[in-house]
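Structure record follows, encoded as structure tokens.
Residue numbers (the UniProt record's numbering): 1 to 130.
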């Protein structure tokens, strides 16, 4: 019976410590990896994700999408020798806050415009200056 292919992964946290290595099937999704990281997150860390959605995984300089499989995320380096452990970097980043309207809060991005208050003059009175 042929040996089932597995991928060994370890996860490098923000402080340089590692979780793992863990063995995964190439068919496992990034979402499964994030769930495992969240469940096994060390309780003594200063930064703790509130959910698996707060976790971003980076491999080979790319942020991995939840629906991708481990097999799809591997860098095509050819055949890796047995026992090679792939390191993925873990970033904790909470999702962007949403305004009550459901859209992104954009108060900081309003275009600058001169208003009546800037000149301390009502626009209706401005005819007297001409």
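C-beta: ideal position from N, C-alpha, C; glycine also.
Model, not experiment: these values are computed from the prediction.
Distance, Cα to Cα, residue i vs residue j?
{"i": "residue 17", "j": "residue 65", "result": "23 Å"}
{"i": "residue 115", "j": "residue 90", "result": "Note on residue 115: pLDDT 47, under 50, position unreliable in the model; no value is reported."}
{"i": "residue 15", "j": "residue 51", "result": "19 Å"}
{"i": "residue 46", "j": "residue 92", "result": "11 Å"}
{"i": "residue 56", "j": "residue 84", "result": "23 Å"}
{"i": "residue 88", "j": "residue 22", "result": "12 Å"}
{"i": "residue 86", "j": "residue 20", "result": "10 Å"}
Provide the residue(s) that pair with residue i in DSSP beta bridges, ordered along the chain.
{"i": "residue 13", "result": "Bridge partners of residue 13: none, in fact."}
{"i": "residue 59", "result": "62"}
Among the options, whose alpha-carbon lies nearest the alpha-carbon of residue i?
{"i": "residue 94", "options": "43, 49, 28, 35", "result": "49"}
{"i": "residue 31", "options": "87, 63, 43, 86", "result": "63"}
{"i": "residue 59", "options": "43, 25, 44, 33", "result": "33"}
Does the stretch 37-50 touch the stretch 59-73, meaning 3 or more C-beta pairs lie closer than 8 Å? no
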